[in-house]
Structures are given as structure tokens and as C-alpha cells.
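Enquirer: Right, I'll just put the structure down here and ask away after.
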């Protein structure tokens, strides 16, 4: 599965480069999202309202990975919208 980052998500991802433990957890969550997008660690939950169709997983107590899966196999993509802060910022 192809993984794409929004501009904001990429900036968020670069922020975590200086925090190895959080970066390792984030990388693990991204790999898991690519394998099993709707189950697993980080308490995956579907978002509602304006973010319907997107999912969220916990990175830390206050930070969330917000993502969705688009396309059909074999051209599916994991789209990451953000990976820092809470999704309602």
C-alpha cells in the first residue's frame, strides 16, 4: 500500500524526528495502518462530522494519527492528514 502525507502531516512527522520513542510508535502505527487500517493498537476509531471517512489512532495522550484508506487494491493508498495534536484543533 502506498503511503502519502498531507503537507501538514509531513511537517508533523518531521517534528517527531527529535523524539525517538514517539517517532518509533508513530512509525509502528503507520505500518499497522497499512496492514490493518481499522483494527489494532492506538484505539482506532472512525471520525464523524467534517472528518467522516477518516480514522484516528492515539500516538500519545494528546496526539493523534489521522488517516484514511483510498482507492482499491492494488492501487490503495494510506493518506495521512496529521500526526500531531488532536484532530479538532
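In my numbering, the protein residues as written are 1437 to 1525. Glycine residues also receive a C-beta, built at the ideal position from the N, C-alpha and C atoms.
May I have a chain-ordered list of the beta strand (DSSP E) segments no shorter than 3 residues that lie completely inside the stretch 1447–1479?
Expert: None, since the stretch 1447–1479 contains no complete beta strand (DSSP E) of that length.
Enquirer: Does the Cβ-Cβ distance between residue 1470 and residue 1501 come in under 8 Å?
Expert: No; because the gap between Cβ atoms is not below 8 Å, this pair is not in contact.
Enquirer: At which residues does the beta strand (DSSP E) containing residue 1518 begin and terminate?
Expert: Residues 1513–1518.
Enquirer: Kindly list the residues whose CB is nearer than 7 Å to the CB of residue 1525, restricted to its own chain and excluding five residues on each side of it in sequence; keep chain order.
Expert: Legend: pLDDT at residue 1525 = 45, less than 50; position of this residue unreliable, no value from coordinates given.
Enquirer: Looking at residue 1495: is its Cβ nearer than 8 Å to the Cβ of residue 1465?
Expert: Yes; because the gap between Cβ atoms is below 8 Å, this pair is in contact.
Enquirer: Tell me which residues share the same chain as residue 1506 and place their Cβ nearer than 8 Å to its Cβ, disregarding the 5 neighbours each side in the sequence.
Expert: Closer than 8 Å at Cβ, skipping near neighbours: 1512, 1513 and 1515.
Enquirer: Between residue 1520 and residue 1475, what straight-line distance do the alpha-carbon atoms span, to the nearest angstrom?
Expert: Taking the straight line from one Cα to the other gives about 20 Å.
Enquirer: Between which residues of its own chain and residue 1449 is the CB-CB distance below 6 Å, once the five residues before and five after are set aside?
Expert: So the list reads 1519, once near-sequence residues are dropped.
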